[in-house]
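Residue numbers (the working numbering), protein chains in the order written: chain Y, 125 to 285; chain P, 92 to 765; chain Z, 161 to 753. Quick reminder that beta carbons are idealized off the backbone N, C-alpha and C, glycines included. Computed from a predicted model, the values in this text were never measured in an experiment. Written out below as structure tokens is the structure these notes cover.
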Amino acid sequence: MKVEEIDVDEQIGEVGQILSEAEKKKGILIHVLQKIQEDNGYLPGDVLSNLSKKLYFPLSEIYSVASFYKQFHFKPRGKKIVKICMGTACYVRGAKEILNTVEERFNVKAGETTEDLAVTLETVGCIGCCGLAPVATVNDEVKGEISSKKLDRLIKFIKEE
Amino acid sequence: MEKTVKLTIDGKEVQSPEGMNLMDAAELAGIHIPNLCYLKGMKGIGACRLCLIEIEGLKAPMIACNTKVREGMVVNTKTEKVQEIRKFIIDLILSMHPLDCMTCTKAGICNLQKYAYEFDLKESSFTRKKFGYPVDEANPFIKRDPDYCILCGRCVRVCKEQGTNVLEFMGRGIGSKIVTANDKPLQESECTFCGSCVDSCPVNALLEADRWRKGREWEYERINSVCLLCGNGCEITVSTKDGRVQKISSGAPAGSAEKYICAYGRFGFDCIEAETRLTSPMKKIDGELRGTTWEDALKIVADELKKAGKDAGFISAAGILNEDALTLKKLARDVVKTRNFDTTVSLYADSDSLKKSQRADIDRSDLIFLLGLNPSQWERVLPALDAAVRRRINRGAKLVVINSSETRIADVATVSLKGDEISNIKGIIKVAIEKGLKADKKLESSVKDIESTEEIEKASALFIEAKQPIIFSSPALFEAASNLSLLKGKKVIAIPLESNARGVVLMGLTTEGKTYREMLTDKMKALYVVGEVPLNKRPDTDFLIVQNSHLTGLAREADVVLPSATFLESAGTITDFMGRMKYLPEVIEPQGESKSHRDIFILLAKIMGSTIKRPTEAEVKKASNIKVKLSPVPFVKKEGLDISPQEMIESINASVINGSRLLWLKETEKTIAV
Amino acid sequence: MSGDNIKIKICMGPGGIAAGGNDVIEAFKGQLTNQRINASFGEQCSLHQVGCRGLCAKDVLVEIIIDGKETIYENINPEKVPRIVKEHILGDNPVKEWIAGEDYDNFKKKQIKVVLSHCGEIDPEDMNAYIEAGGYKAAHKALTSMSPSEIVETVKTSNLRGRGGAGFPTGLKWELGLRIKSDVKYVICNGDEGDPGAFMDRSVMEGDPHSVIEGMIICAKATESHKGYIYVRAEYPLAVKRLQQAIDQCLQKGYLGKNIFDTGFDFDIRIFQGAGAFVCGEATALMRSIEGKRGMPTPKLWRSAEKGLWEKPTVLNNVETFANIPKIILNGGDWFRNLGTERSGGTKVFSLTGNIKNSGLIEVPLGISLREIIYDIGGGIEGGRSLKAVQTGGPSGGCIPAALLDIEVDYESLAKVGSIMGSGGMVVLDETNCMVNTAKFFLEFTQAESCGKCTPCRIGTKRMLEILERITNGNGKEGDIELLEDLGSHIRATSLCGLGMTAPNPVLSTIRYFRDEYEAHIKDRKCPALVCRNLITYSIIEEECTGCGACKRACPVDSIRGVRKKPHKIDPELCVKCGTCFDVCKFKAILKA
């Protein structure tokens, strides 16, 4: 969706036709944000600025509304969300090393996303699979017992399309 | 006459206007209901839950901020149950709040502190937790410390309602935070540093950045006055300690969001003690200004004025007080005996429009016209008008902007009419008459040739519907505006650029000889400049006297410089654009040897052998008391009044801006604009 | 091939899909083509995806109807499909061992399906199927032959109460909606079901979307409204798709839009997708969300019926409430009223989950006992363990102990024992569930979903959670239970909206009935159900240990010492209580206590 081309009347639909212009613009906000996120995977700052100008709608309010809902992200999210477990069991079994290696290989810090939006790296507290320590999850799929050999496999798995 | 209802609060019989909430009704009866998120004049949001009270017949406690009075209601605000609830709420808030009241700048005016004391809470009974959020203190005006924030949302609501839209809630739940868009520092947001948020903050989350160890709140003397830095003439409250100004806040009672002041008015006071501040008279010796005594300086001035006689000229800014203006006129006309005395008003207004300007309460209007005006909080052109209009719109009023140039406020207008203003006004009048509004025959015939457009029809329809329309106009378009107002309401107001423009006109400080502009070019024998005028170069004159509080570019080129008091250092009155007389006390003593304008004039007259008596209040009132009646007038846009408001306001405040923190703002805004 | 008319119905409710329903459909399609059934029978053999049948524990459920003779298979996967096709469809010899057994029959026996009558029977994407099953007769009747007040009277007679949780009488709500005059009025369907583990509304929206729309049309007529919204959470994409499809079908057929059934009545519906905020299930927050604001509840100075969405009169009901309406209009208010108890008419849908044999979606008449639900319909507890409590009402509800199992399920009696009806979540807890931990789980949920507007909910729930965390971590203090009770009752009394007011319920009700469990955590530092990790100790029973070393190798933190063939020891200082040793030991030599 091109923000510049938004047709407010079309977006608000038949049921919203009796609303005032200001109400209409507000009324389409969440829907438009959903579309922007669908297109970009997140809500890019410049798109939100354009939206603010297009709708004469304060930028602060756009951020405020979006931040209320879990669905929206202000930072790009990678295709693969990699979470390295930092629970005690995993930690003593070398989770830190796994984290360091993944950070190096993908040139990304924990909590961030690679520039090509391939990977988002995060750390988590115990996920309850201590028997498999150290563990990581890739898009919620648990990968356990990550030895140095398996670490290469994990990295390959993250790189896969 | 408003309808009233009778109810009982804490056993006291109370009469309150219908539709009032219990919070205000209780206040009327002298009963304070604790609250943290309520803002007088705004809808209660029920967030803090502190104002829960009991109503007989209802099982659950109700919030006073959002419950309206009803006939026969019996309300108890201090039952055991509600006291327990309040203690619980404060206890919870304290569990998230620093306990450094002993050094906290807001100590003494912090509502949380007050209630903790009231409910006997030394600390929270729950585990304490702080977020450790970073402090935003990258600007010299407002310090934001989110760790103190209790998320009452007052700042957000104030900022939003006045249309600035900078602060907002971010996130939700326990992690909610109040931030700018995308959590940028204030100077990278749309913030204008008006500081309304600071006034509204009940705790220490928002405060003036320079307040650390500048005195405790209870040591301050609070004095109500008026800001004279632009045409709005806003009410301010000045807090002083040891004879120095420590802070300025908007002149509204605490806990109310009714008043706005801008960054100039709030933060410009450092200029009182700026390096450029004049504290003694100066005279030019060998091309260089040197300090001298009052006696010496006045003697020189007196001699020069005597010499010049009818060829002397007086020009003054219109930010001087009524008493100053009266004295100045006497000095010029009766002592120096010249007819050349004029003010900066002649650059942007004619005296008629200012005199005919009516009174109206914007907070009651349902339709606002802005005619040829471009108020802007961001450009700091009549920012308080901009804020007032936006607030009114947010409360449901409609706005019609009529301006041949682009304006930012048109973004929030219901109808925005571009193109020639006179034809647009004529169009609205014509359509309104066609649709049934009654009008004078003369008026009717003067608009009959005009062509209407769809937008004009819309504006006209709004006008016909409106119950309380109010028309704000630039002085140049006042005639047209007043014709429109004759159809309905007669609420038409010309907005000048300086605070006492109407006052100086009423005091008769309008030239009987040369005009302001003529005096600059007609090589006066002596030119006496009073206050800060938009002049940086010495006009062609034999002798230049500059009387001002600061050493301006013009003062540097003067032959004699006389140090005057600032508006915070001088007592008197102004007459604002609606004709309301406003009083200014002497908040602090004049710096150094500086004196009020009128004192200087009186001394000067004395040296010249005349006595001017101090003008009395009765004298000022008499001069102000004029009868005006609006009647149809020809539609003309007055020529020669098209000075850029932004440049004008900036240049009459040059000393304030350059002599205070506001300089940072000017420079930062420039870099960001690039 | 035996018969002339073959119908294959595959359960594609949330449970069915999760169990692999799509693969089963594909397998049937493949088989029908391979075995040339399509070619020889043409339209006489049809494959239907249907909504939830309820018994999700046995999904994928497949029903085969040959000449009206119904056979239900349970636990079907793609591998089982060829045999069914070959033996049952082609050979007229049903595969006995896969046919749904006693559980399925019992599961069905005490249920009465009103809301769910179409779920599992008709293809939700096929409007004709809905119409053939009697759909839109009620809307037609309401629009052509009933006045708004007649509709309101019928609904009032039915004793239907709001199924979203609070149980406000629907008829009264509509009556108020009708009485208030306004140029614009709204009808809103609340489909923002968000309780963890609840999927009643989802099943209806996905399995029978037209019933919701029909209910809304009737409501619109009853309240003289012409504009409707369905608020669906974005996490339910299939519900959004099916509802949109249904709306489009209605518009095409003239059942929505202008001049419905040529009666001159107009009604439009728009779907609004929520964006992930549980609190938007609260009516005022939901309306703020549609208005494009943060979903923060607003104080109810006005009832929604007077000033709701965009300050216009608004009637808001839950999905299940609307789905009941067509049946009430067709069968009459008395019929519905007589299904339930004196004070609450009709049936209620529950999602029965937790440690129960027949978990799934059930619909029962109000007034049925909890015991019947758990034992007759649900088949009792798995693995012969004993029932401890039933949690109803989700994060706003409470736990009902096993001793109170004979209470009737209706709004009043559930409230009396400290729980609520809620939207219909019913979680069965047995002896392996820790009540403190369960309370913590629900509070964690509400605390994270607090909008943050009012102080008690924002800070209070956080403080409660912290106390529960320290109790379950073994750091509970004397007085913590009283502090929880104190906090809980104050939060309940002072919060702005329903979310905050009910947030303490799971904690308060577990303290009420299971105080000893809390005390065990605090005083004895023990979790009787052996759930709270920090309160468990692992040790090795010397007599049982063979010294095989399996536990030593498995321990992630090297806390187990010992030499081969000699009993091993766990160093409690190093042990992180992950339980890996317990899982790997083949000799039951690890003691968990």
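Mind listing the chain Z neighbours of residue i? Cutoff is C-beta to C-beta under 7 Å, in chain order.
i, result
"P/Met187", "Ile619"
"Y/Ala257", "Pro716"
Please state whether DSSP places residue i in a helix, a strand or coil.
i, result
"Y/Tyr215", "helix"
"P/Gln106", "strand"
"P/Thr99", "strand"
"Y/Ile136", "helix"
"Z/Met365", "helix"
"Z/Asn477", "strand"
"P/His641", "strand"
"Y/Ala260", "strand"
"Z/His650", "helix"
"P/Val522", "helix"
"Z/Pro666", "helix"
"P/His688", "helix"
Give a yes or no on whether the minimum CB-CB distance between residue i and chain Z is below 7 Å.
i, result
"Y/Ala213", "yes"
"Y/Gly249", "no"
"Y/Arg229", "no"
"Y/Glu73", "Given that chain Y is displayed from residue 125 to residue 285, the structure contains no residue 73 of chain Y and the question cannot be resolved."
"P/Gly137", "yes"
"P/Asn639", "no"
Name the chain A residues whose beta carbon is nearer than 7 Å to that of residue i?
i, result
"Y/Glu185", "Of the protein chains in the structure, Y, P and Z, none is chain A."
Counting only the same chain and skipping the five closest in sequence on each side, list residues whose C-beta sits under 7 Å from that of residue i.
i, result
"P/Asp690", "none"
"P/Val765", "Since pLDDT at P/Val765 reaches only 40, below the 50 mark, its modelled position is unreliable, and the value read off the structure follows with that caveat. For P/Val765, where only same-chain residues beyond five positions count, there are no Cβ hits under 7 Å."
"P/Ile734", "Leu438 and Tyr439"
Are the C-beta atoms of residue i and some chain Y residue less than 7 Å apart?
i, result
"Z/Val439", "no"
"Z/Pro473", "no"
"Z/Met161", "Unreliable placement is indicated for Z/Met161, whose pLDDT of 47 sits below 50; the coordinate value is still reported in the next sentence. No, no contact with chain Y."
"P/Gly262", "yes"
Under 7 Å Cβ-Cβ, which residues of chain Y neighbour residue i?
i, result
"Z/Val736", "Thr212, Ala213 and Cys254"
"P/Asp502", "Tyr180"
Would you say residue i faces chain P, with C-beta separation under 7 Å as the test?
i, result
"Z/Gly612", "yes"
"Y/Tyr180", "yes"
"Z/Pro459", "yes"
"Y/Phe192", "yes"
By the criterion of Cβ-Cβ separation under 8 Å, what are the contact partners of residue i in chain Z?
i, result
"P/Ile176", "His650, Ala653 and Thr654"
Quick one: residues in its chain with C-beta nearer than 8 Å to the C-beta of residue i, no 5 flanking neighbours on either side, listed in chain order?
i, result
"P/Thr766", "Coverage of chain P is limited to positions 92 through 765, which leaves residue 766 of chain P absent and any answer about it impossible."
"Z/Val392", "Gly351, Asp352, Met365, Ala399, Val400, Leu403, Ile431, Phe432, Gln433 and Gly434"
"Z/Gly228", "Asn165"
"Z/Lys613", "Met456, Pro457 and Leu656"
"P/Val678", "Ile314, Ser316, Val329, Thr331, Val336, Leu659 and Glu660"
Quick one: which chain P residues come within Cβ less than 9 Å of residue i?
i, result
"Z/Lys169", "Neighbours of Z/Lys169 on chain P: none; closest Cβ ~43 Å, over 9 Å."
"Z/Glu626", "Phe217, Thr218 and Lys220"
For a contact meaning CB atoms closer than 8 Å, what does residue i contact in chain Y?
i, result
"P/Thr271", "Ser184"
Using a Cβ cut-off of 7 Å, pull out every chain P residue sitting near residue i, in sequence order please.
i, result
"Z/Lys622", "Ile265"
"Y/Gly169", "Asn273"
Determine the chain Z residues that contact residue i at a beta-carbon separation under 9 Å, and present them in chain order.
i, result
"P/Ile184", "Thr615 and Ile619"
By Cβ distance, which residues of its chain are closer than 6 Å to residue i, with the 5 residues on each side in sequence left out?
i, result
"Z/Gly295", "His370"
"Z/Glu674", "In the sequence under discussion, the amino acid at residue 674 of chain Z is Phe, which differs from the Glu named in the question. Counting only Cβ-Cβ distances below 6 Å, and skipping sequence neighbours, we find Met595."
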